[in-house]
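**Q**
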Amino acid sequence: MSQTLAEKLFPNPLPSAADLEDRYPPRQLKEGGRVTRFAPSPTGFLHLGSLYTALVNQLTARGSGGVFYLRVEDTDKKREVAGGAADLLESLRVFGIVPDEGKSENDGKYAPYTQSKRAEIYHVFAKSLVECGLAYPCFCSSDELAQMREKQEKDGAVQGGYWGEWAKCRDLSSEQAAAKIDAGQSWTLRLRSGGDLEKRVAFNDEVRGKIEMPVNVLDAVLLKADGIPTYHFAHAVDDHLMRTTHVIRSEEWLASVPLHLELFRVCGFKPPKYAHVSALLKSENGNKRKLSKRKDPEAAVSWFAREGYPADSVLEYLMCLLSSAFEDWRRANPAAARSDFPFTFKKMSASGALFDLVKLTDVSKGVIAALSGGDLAENILIWAREYDTEFASILQNHGDYLAQILAIDRDGAKKPRKDIAKYSEVRGYVSYFFDELFDGEFPLPDSVCKEDALEILETYDYRGDDDKDEWFGRIRQLSVALGYAASPKDFKANSSAYKGHVGDVSAVIRSAVTGRLNTPDLWAVCRVLGEARVRERIRRIAGE
RNA sequence: GGCCCGUUGGUCAAGCGGUUAAGACUCCGGCCUCUCACGCCGGCAACACGGGUUCGAUUCCCGUACGGGUCACCA
13 MSQTLAEKLF PNPLPSAADL EDRYPPRQLK EGGRVTRFAP SPTGFLHLGS
63 LYTALVNQLT ARGSGGVFYL RVEDTDKKRE VAGGAADLLE SLRVFGIVPD
113 EGKSENDGKY APYTQSKRAE IYHVFAKSLV ECGLAYPCFC SSDELAQMRE
163 KQEKDGAVQG GYWGEWAKCR DLSSEQAAAK IDAGQSWTLR LRSGGDLEKR
213 VAFNDEVRGK IEMPVNVLDA VLLKADGIPT YHFAHAVDDH LMRTTHVIRS
263 EEWLASVPLH LELFRVCGFK PPKYAHVSAL LKSENGNKRK LSKRKDPEAA
313 VSWFAREGYP ADSVLEYLMC LLSSAFEDWR RANPAAARSD FPFTFKKMSA
363 SGALFDLVKL TDVSKGVIAA LSGGDLAENI LIWAREYDTE FASILQNHGD
413 YLAQILAIDR DGAKKPRKDI AKYSEVRGYV SYFFDELFDG EFPLPDSVCK
463 EDALEILETY DYRGDDDKDE WFGRIRQLSV ALGYAASPKD FKANSSAYKG
513 HVGDVSAVIR SAVTGRLNTP DLWAVCRVLG EARVRERIRR IAGE
C-alpha cells in the first residue's frame, strides 16, 4: 500500500484533531465572559501601539469576568530577538498588564503559549486539510514567486497573488508532488482556496460595525518551508483551540479577515468575534502616519520610563484615547481603579488618533499631583538611580529632604500643585534646595532696582520659627517701613504714593533665597531650607 | 493600481434627522493671589467637498477629494 500525500508530507505520528479538542476543551466561563489574548511577536521592545491593544484586550476580558492570556508569536525566527518574550512580559507588567495565562510557556491549561512549541498541533490540522484536498504542497521558489508578481503587475492582472491559474502547484497530482518531495525539493503548504472573485463576505467588526469585502481567493501559505505556520494559520488554530472569543488586534489585520474566515471554515472552527483597533498616529509635515519605531522615540514604551513619565500617566492617557467615555468617568471617579472602568467597544473611535504629548503632559501632571510628597520622592529616587545617577547620589545624602520639599503645597493641600509632568523635570525644579545644585543667581523683578533690593535684604530679619501669618506680617511691616504698599490693592489704588508693594519685597527675598522669581509658597520653602541657610543666602547678597 | 477603513475646532472627541453643534487639552483674556502653579469665570476656534433622499441634514445614500491600511514562506 503506497503512502498518501498527506502521510508523505507529515510522516511523524500525530494526535488526532479530536484528541486536541479533548486536550483543549471549551472553557468554563461565567455568562458573558470573554476570552482575549495579546499575541506579540518577540522582536524587541514594546511598542506604544502594542501596549494600547494589550490594554483593550485586558479591559475586555476582565470587565466581563473572562480570561486574558498572552501568546508569544515567535514564528518568524529571522526577526526574533533573544530574551524578547521576557522583556515584553516585564514591560507589560510595569504598565499593569498581567495576563491570566501565558506568563510563561506552560502557564495555563491551554499550554504551550509559545507558538514555536506548538508545531505538532498545527501539523494535525495541516495534515487533515491535505487529506480533504483543502491544502497542497507548493514547490515554487521565492524567485519564481517574485517573477509571477512582476508578470502580474505588467499584465495588469485583475487580482495579483498566488491563485487560480497562477497557482502552478495547485493542480499537481499526488504522484507529481510525491516525486518532488522524494527529490528533496522543499515545499510550503498552501490553502486550496475555494474563493470566487465575484463573491463577497460580510462580517461584523466590534468597533467598526458591518464590513463587506471580496472573499479570499488566494492560496495563502499555511506552513512555511521550515514547517512553522504563518500568522494566518496559527491564528485560526490557536484562537480556536485556546478558545478565544474576541480577537482584538490592530487595524492592519482588517484586510486579512476574509482569509481568516475561510481558514476557520475549512478547519471546521467557529470564528471568533473581531475588533480592529485603530493605530496611534503621529503628525509629520501636515500628514498623519503610524507611530514608527524607527523614527519616533516615543513609539517605544521605554522612552516614557526614561523621560520619567509614571506608567500611570501613560495608561491614563491611553485610556482617554481608547474610550471617549473615560475622561468623564475619571472625573466622576477620581480614585477608582482603571480596571473598574466600564469599557465597551461602542465608545471606541474607528479613526486613528494622533499621539499628543501635550495632552499626555496634562494628564501626567494630574497623576503626579495625586501623589504624596513621600511617594513622589520615592518614585523620583527610583527613576534617578536609573537615569540620573548624579542626582540620585545627591538625593541619597539627604534622607527625606526631597519628600519635605515635595510636600510643599501638596500634602494636605485642597488643590495640590500640578506642575510636574515627569521625573526628569524634578532636578531643575528643586535644584535651589540643594547647595550642590544651587546656582546663586539673584534675578531682580522689573519693578525693583538693585539698590532698593539690597536695602530690603539688609533690613529683612528672617525668623525660622514664625508661623505663616507672623512671617508674612513681618514682611508687610518691612514693606510699609521702606515705602512699599502693604498689599497690591493699596498700591493699585494709589500707586504714586509707593515705591511698590509687598509683592515686590517678597520677590526680592524669594530671589535671594532661591535664585528664582517663581517658586512654591515662600514661607514653606524657607521652612524646608532652614533658618540658617535662609539667613546665609540673604547675607550673601546683602553683604555685611 | 485593486480592495478596505477613516474624515466634527490645532489635538482628543460628544452627537446617532430638528441642538445656540457638548466636554477635555492647547492658546488668549480676567478673577484669586507675596511670585509661580492650582482653582474659578470668560473667549478664539469645527461638521472636507458635490449631488441626492427628506418639510428638514453634521447625522441616511451616492460620488469626489484627502489621509490611513493591505495586497510576503513578516507579524
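Residue numbers for the first sequence follow our numbering, beginning at 13 and rising by one.
Note that the Cβ used here is the ideal one computed from N, Cα and C, for glycine as well.
#1: Buried or exposed for Phe-403, please, with buried defined as at least 16 other CB atoms from any protein chain shown within 10 angstroms of its CB.
#2: Ignoring anything shorter than 3 residues, give me the beta strand (DSSP E) runs that lie fully in the stretch 191–238, in order along the chain.
#3: Specify the secondary structure class of Lys-20 as computed by DSSP and reduced to three states.
#4: Please go through the same chain and pick out, in chain order, the residues whose beta-carbon is closer than 7 Å to the beta-carbon of Ala-465, but skip the five residues on each side of it.
#5: Three-state secondary structure (DSSP) at Ile-394?
#6: Using a threshold of 8 Å, state whether the C-beta atoms of Arg-202 and Ala-246 are closer than that.
#7: For the beta strand (DSSP E) containing Pro-149, list its first residue and its last residue.
#8: So, are the CB atoms of His-288 and Leu-266 less than 8 Å apart?
#9: Would you tell me roughly how many angstroms separate the C-alpha atoms of Trp-341 and Ala-349, rounded to the nearest one?
#10: Could you tell me which whole alpha helix (DSSP H) segments of length 4 or greater appear in the stretch 434–515?
#11: Alpha carbon to alpha carbon, how far is Val-517 from Leu-388?
#12: Taking 8 Å as the threshold, find out whether the stretch 52–59 comes into contact with the stretch 195–212 through three or more Cβ pairs.
#13: Would you mind working out which of Val-379, Glu-263, Leu-449, Leu-101 sits nearest Met-360, comparing C-alpha positions?
#14: Which residue wins for smallest C-alpha separation from Thr-559, given the options Glu-177, Thr-72, Arg-301, Leu-449?
#15: Would you please state the rounded distance, in angstroms, between the beta carbons of Leu-2 and Leu-273? I believe it to be under 8 Å.
#16: Go through the stretch 366–420 residue by residue and report every complete run of the alpha helix (DSSP H) that reaches 4 residues or more, in order.
#17: Hey, out of Ala-419, Leu-234, Ser-103, whose CA is closest to Ala-312's CA?
#18: With distance defined between alpha-carbon atoms, name the residue in Gly-452, Asp-421, Ala-497 nearest to Arg-539.
#19: With DSSP run on the structure shown, which of helix, strand or coil describes Lys-359?
#20: In the structure shown, what three-state DSSP assignment does Ala-425 receive?
#21: Could you name the residues that DSSP lists as bridge partners for Lys-302?
#22: On the DSSP bridge assignment, give the partners of Ser-116 in chain order.
#23: So if DSSP puts Phe-80 in a beta bridge, which residue, or which two residues, is it bridged to?
#24: Can you check DSSP and say which residues form a bridge with Ser-336?
#25: Do Ala-524 and Arg-545 have their C-beta atoms closer together than 8 Å?
#26: I'd like the list of long-range same chain contacts for Asp-479, defined as Cβ closer than 7 Å, with 5 residues on each side in sequence excluded.
#27: Pull up the distance between the alpha-carbon of Glu-19 and that of Asn-118, whole angstroms please.
#28: Going by CA-CA distance only, name the one from Phe-281, Phe-446, Gln-489, Ala-362 that's closest to Thr-256.
#29: Whole-angstrom Cβ separation of Tyr-243 and Glu-85, contact assumed at under 8 Å?
#30: Spatial neighbours of Val-68 within its chain, please: CB distance less than 7 Å, with the 5 preceding and 5 following residues excluded, ordered by chain position.
#31: What is the residue span of the alpha helix (DSSP H) that Ser-62 lies within?
#32: Looking only at DSSP bridge pairs, what is Lys-285 linked to?
#33: Going along the chain, which residues of its own chain have a beta-carbon closer than 6 Å to the beta-carbon of Thr-526, five neighbours each way excluded?
#34: Can you check which of these residues, Phe-80, Ala-30, Cys-150, Arg-318, is closest to Val-47 by C-alpha distance?
#35: Given this structure, state the Cα-to-Cα distance separating Ala-179 from Tyr-125, to the nearest angstrom.
#36: Which of helix, strand or coil does DSSP assign to Thr-526?
**A** The short version:
#1: buried
#2: 200–203, 212–217, 221–226, 233–235
#3: helix
#4: Sequence-distant Cβ neighbours of Ala-465 in its own chain, meaning closer than 7 Å and more than five residues away, are Leu-456, Val-520.
#5: helix
#6: no
#7: 147–150
#8: yes
#9: 11 Å
#10: 438–442, 462–471, 480–493, 500–505
#11: 32 Å
#12: no
#13: If we check each option's Cα against that of Met-360, Glu-263 comes out closest.
#14: No statement about residue 559 is possible, as the shown extent of the chain runs from 13 to 556 and does not include it.
#15: Look at the range of the chain in this structure, 13 to 556, and you will see that residue 2 is not part of it.
#16: 369–381, 385–399, 401–408, 413–419
#17: Ser-103
#18: Asp-421
#19: helix
#20: coil
#21: Leu-293
#22: None, per the DSSP bridge assignment.
#23: Thr-48
#24: Answer is none; Ser-336 lacks a bridge partner.
#25: no
#26: Only residues of its own chain outside the window of five on either side were considered, and among them none has a CB closer than 7 Å to the CB of Asp-479.
#27: If you take the alpha carbons of Glu-19 and Asn-118, they lie about 30 Å apart.
#28: Phe-281
#29: Right, their Cβ atoms sit about 7 Å apart.
#30: Ile-260, Val-289, Leu-334
#31: The continuous alpha helix (DSSP H) containing Ser-62 extends over residues 60–75.
#32: His-258
#33: Tyr-444
#34: Phe-80
#35: 34 Å
#36: Helix, per DSSP.
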